[in-house]
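Asks: Chains X and A, in that order, give the protein sequences.
All residue numbers for the first sequence refer to the working numbering, where the first residue is 107 and numbers rise by one.
All residue numbers for the second sequence refer to the working numbering, where the first residue is 107 and numbers rise by one.
No residue lacks a Cβ here, since even glycine has one placed at the ideal position from N, Cα and C.
Keep in mind it's a predicted model, so treat the numbers as computed, not measured.
There are 2 protein chains.
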Amino acid sequence: MLSVSTIKHLNQLQQKKFRNEFKEFLVEGVKGVDEALRSEAEVILIIIDGKLRDEIEMQKIIKLAEEKEIQVEFCGRQDIGKIKTTDTFPGILAVVAQSEIGLEDLQDGPIICLDEVKDPGNLGTIIRTADWFGVKNILLSENTVDPYNPKVVRSTMGSIFRINIFESNNLLTNLEYLKKRGYNLTGLCMNGDSIDKMKMNNDNEVFIFGSESHGIRPEIEKILDKKYTITGKGSAESLNVAVATGILLNCIKE
Amino acid sequence: MLSVSTIKHLNQLQQKKFRNEFKEFLVEGVKGVDEALRSEAEVILIIIDGKLRDEIEMQKIIKLAEEKEIQVEFCGRQDIGKIKTTDTFPGILAVVAQSEIGLEDLQDGPIICLDEVKDPGNLGTIIRTADWFGVKNILLSENTVDPYNPKVVRSTMGSIFRINIFESNNLLTNLEYLKKRGYNLTGLCMNGDSIDKMKMNNDNEVFIFGSESHGIRPEIEKILDKKYTITGKGSAESLNVAVATGILLNCIKE
Chain X
107 MLSVSTIKHL
117 NQLQQKKFRN
127 EFKEFLVEGV
137 KGVDEALRSE
147 AEVILIIIDG
157 KLRDEIEMQK
167 IIKLAEEKEI
177 QVEFCGRQDI
187 GKIKTTDTFP
197 GILAVVAQSE
207 IGLEDLQDGP
217 IICLDEVKDP
227 GNLGTIIRTA
237 DWFGVKNILL
247 SENTVDPYNP
257 KVVRSTMGSI
267 FRINIFESNN
277 LLTNLEYLKK
287 RGYNLTGLCM
297 NGDSIDKMKM
307 NNDNEVFIFG
317 SESHGIRPEI
327 EKILDKKYTI
337 TGKGSAESLN
347 VAVATGILLN
357 CIKE
Chain A
107 MLSVSTIKHL
117 NQLQQKKFRN
127 EFKEFLVEGV
137 KGVDEALRSE
147 AEVILIIIDG
157 KLRDEIEMQK
167 IIKLAEEKEI
177 QVEFCGRQDI
187 GKIKTTDTFP
197 GILAVVAQSE
207 IGLEDLQDGP
217 IICLDEVKDP
227 GNLGTIIRTA
237 DWFGVKNILL
247 SENTVDPYNP
257 KVVRSTMGSI
267 FRINIFESNN
277 LLTNLEYLKK
287 RGYNLTGLCM
297 NGDSIDKMKM
307 NNDNEVFIFG
317 SESHGIRPEI
327 EKILDKKYTI
337 TGKGSAESLN
347 VAVATGILLN
357 CIKE
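So this is what it looks like as structure tokens:
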């Protein structure tokens, strides 16, 4: 049985305001909690449905948590009715500390920069895709969905613990800074050269995806070094941003 | 004001059972309805929020519907409260006839074959991506989400009216038939050659994507001509199926 204050805290973490205040977020489900425990992330608390405590996968997690001296609490049916989750209660939750990533931490290889990605599923898929291709750095604009939103976390399928994500307060300023430090700024848009002709000079590349509806902002377009387009001969007006990111990442892999 | 039977019919079309019975589906929102009217699809009825009837985009749609002699009805606030939609009422809806596509209609170029795609957003994104690259044919397994599910339709962003979609009752049998007719069956999986080495011989290709969790079924794997993998050097366990489809389509474009 959980304390009233624990339940209140879990429910607060559904809101961005409190996630920012506590610098914590929720991870739902066995796969995500397992990945959190095996990563460098600081896991603060694990909540498990008491009825599932003897299942093998839960036993494994409990053992791993004990080794790392992480608190595990068990909850009953009444608790579960009070805990807000994205979907039905996933059997297991963890409270994890947000990692403190600065712009300077985006190192070792290219940076994927996303402006105005509003859909949690798209952002989660992009984080997972970056992890597939071994690209470690993501820079998010001030108007992109919170990467610690539970829906984003769930759709990363554990990859959120392996990617450096920097949340910008002013994307234009950050990009100008990176450009001064020698990064090439490459925009993916509707009026560039074909991506099939793209050559990567070195690892100091920022690949910028604008919003699906408005494209790259004019003030950012002005400071781009290059523009590329994923060409297609069909009739759709645009590509989904997660699909576009995947295509780019397949093009730049070594 | 709508009749009781119209409202009942609209709400029935939220369910697959009735969509199959009537061979109809719902299109929500201005963009989708406009694309339906400009396509070869048979639009049966258009419902517009009476308060919005004088807006320019609605006027355009009303004019187009008149030219095509399609019935337009206006609904009031009370009606809107009774009509089920994916989200809040999108201002405009259309009832559209499902197109009668046979396996033989999947012509002119390669076929994208999807097995066990359960997520409506993923299927919608794949249809939209195929339309971007000008690939016209999609073959869906018996255990894939209904392409006329309103969430799928919405996320195709109008592309559903430009793609030939065949819903299989027995995917294995259909694939064996296509193979006999001279198609190459290419599977996208975790243990094939690198997709970067892929060469397309001709247009008679079926590209088969298995489920994200289980991959391609063993009985289908047995009849494949070739297997390819989208290689990545990171740590994610799998790629999202819509992202994988986009990467493939970018690789095979001319």
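By Cβ distance, which residues of its chain are closer than 6 Å to N117 (chain A), with the 5 residues on each side in sequence left out?
Replies: Closer than 6 Å at Cβ, skipping near neighbours: K190.
Asks: How would you call Y289 (chain A), buried or exposed, if buried means at least 16 neighbouring beta carbons within 10 angstroms?
Replies: Its Cβ being crowded by 16 or more others within 10 Å, Y289 (chain A) is buried.
Asks: Since T235 (chain X) meets chain A, which of its residues come closer than 8 Å, beta carbon to beta carbon?
Replies: Within 8 Å Cβ-Cβ: A342, L345, N346, V349.
Asks: Using a 10 Å radius around the Cβ and a threshold of 16 neighbouring Cβ atoms, would you call S247 (chain A) buried or exposed?
Replies: Buried.
Asks: Is there a Cβ of chain A sitting closer than 8 Å to that of M164 (chain X), yes or no?
Replies: For M164 (chain X), the answer is no, since every Cβ of chain A falls outside 8 Å of its Cβ.
Asks: For T194 (chain X), does the count of other Cβ atoms within 10 angstroms reach 16, so buried, or fall short, so exposed?
Replies: Exposed, because fewer than 16 other Cβ atoms sit within 10 Å of the Cβ of T194 (chain X).
Asks: Report all residues from its chain with a CB closer than 7 Å to the CB of M296 (chain A); omit the five preceding and five following residues, and keep chain order.
Replies: Excluding positions up to five away in sequence, the list reads G321, T335.
Asks: When the distance is taken between beta carbons, is L170 (chain A) closer than 8 Å to M164 (chain A)?
Replies: No, Cβ-Cβ distance for M164 (chain A) and L170 (chain A) is not below 8 Å.
Asks: Determine whether the Cβ of S265 (chain X) lies closer than 8 Å to any Cβ atom of chain A.
Replies: Cβ-Cβ to chain A under 8 Å: yes for S265 (chain X).
Asks: Return no unless some Cβ of chain A is closer than 8 Å to the Cβ of G197 (chain X).
Replies: No - not a single Cβ of chain A is within 8 Å of the one on G197 (chain X).
Asks: Count the other C-beta atoms from every protein chain shown that fall within 10 angstroms of the C-beta of E130 (chain A), then say buried if there are 16 or more, exposed otherwise.
Replies: Its Cβ being crowded by 16 or more others within 10 Å, E130 (chain A) is buried.
Asks: Which word fits I162 (chain X), buried or exposed, when buried means at least 16 other C-beta atoms lie within 10 angstroms of its C-beta?
Replies: So I162 (chain X) counts as exposed.
Asks: Taking Cβ-Cβ distances shorter than 7 Å, what residues in chain A pair up with D336 (chain X)?
Replies: A small correction: the amino acid at residue 336 (chain X) is Ile; Asp does not occupy that position in the sequence shown. Those within 7 Å of I336 (chain X) in chain A are N356.
Asks: Can you give the Cα-Cα distance for K285 (chain X) and G230 (chain X), rounded to whole angstroms?
Replies: Those two C-alpha atoms are separated by around 27 Å.
Asks: Using a Cβ-Cβ distance under 8 Å, would R268 (chain A) count as near chain X?
Replies: Yes - at least one Cβ of chain X is within 8 Å of the one on R268 (chain A).
Asks: What residue range is occupied by the uninterrupted alpha helix (DSSP H) comprising Q165 (chain X)?
Replies: Segment 162-173, the alpha helix (DSSP H) holding Q165 (chain X).
Asks: Counting only Cβ-Cβ distances shorter than 7 Å, please list the residues of the segment 304-319 of chain X near chain A, keeping chain order.
Replies: Going along the segment 304-319 of chain X in chain order, one finds no residue with a Cβ nearer than 7 Å to chain A.
Asks: Mind checking which residues open and close the beta strand (DSSP E) that includes L220 (chain X)?
Replies: Looking at the DSSP string, the run of the beta strand (DSSP E) that includes L220 (chain X) is 217-220.
Asks: Take N276 (chain A) and list the residues in its own chain whose beta-carbon comes closer than 8 Å to its own, dropping the five residues that flank it on each side.
Replies: Result list for N276 (chain A): E248, in chain order.
Asks: Are F124 (chain A) and C219 (chain A) close, meaning C-beta to C-beta below 8 Å?
Replies: No, these two residues do not count as a Cβ contact at 8 Å.
Asks: What's the gap between the Cα of F128 (chain A) and the Cα of S300 (chain A)?
Replies: The alpha-carbon atoms of F128 (chain A) and S300 (chain A) are separated by roughly 45 Å.
Asks: I want to see whether chain X comes within less than 8 Å of G352 (chain A), judged by CB atoms only; does it?
Replies: Yes, G352 (chain A) counts as interfacial toward chain X.
Asks: If you run the structure through DSSP and keep just helix, strand and coil, what is F272 (chain A)?
Replies: Strand.
Asks: Of all the options A:A342, A:I217, A:I269, which has the alpha carbon lying nearest to the alpha carbon of N280 (chain A)?
Replies: Considering only alpha carbons, the answer is A:I217.
Asks: Could you tell me which of X:R323, X:G215, X:I271, X:V133 sits nearest to G264 (chain X), measuring between CA atoms?
Replies: It is X:V133 whose Cα lies nearest to the Cα of G264 (chain X).
Asks: One question on the structure: do K242 (chain X) and G208 (chain X) come within less than 8 Å of each other, judged by their Cβ atoms?
Replies: No, Cβ-Cβ distance for K242 (chain X) and G208 (chain X) is not below 8 Å.
Asks: When burial is assigned at 16 or more other CB atoms within 10 Å of the CB, is P324 (chain A) buried or exposed?
Replies: Counting Cβ neighbours within 10 Å, P324 (chain A) comes out exposed, since fewer than 16 surround it.
Asks: Taking 8 Å as the threshold (C-beta atoms), are V347 (chain X) and G352 (chain A) in contact?
Replies: No; because the gap between Cβ atoms is not below 8 Å, this pair is not in contact.
Asks: Are any of the Cβ atoms in chain X nearer than 8 Å to that of T231 (chain A)?
Replies: Yes - at least one Cβ of chain X is within 8 Å of the one on T231 (chain A).
Asks: Just grab the DSSP bridge partners of A203 (chain A) for me.
Replies: DSSP lists A:E130 as partners of A203 (chain A).
Asks: Find the residues of chain X that neighbour K359 (chain A), judging by a C-beta separation of less than 8 Å, and give them in chain order.
Replies: Here the neighbours are T337, G338, K339.
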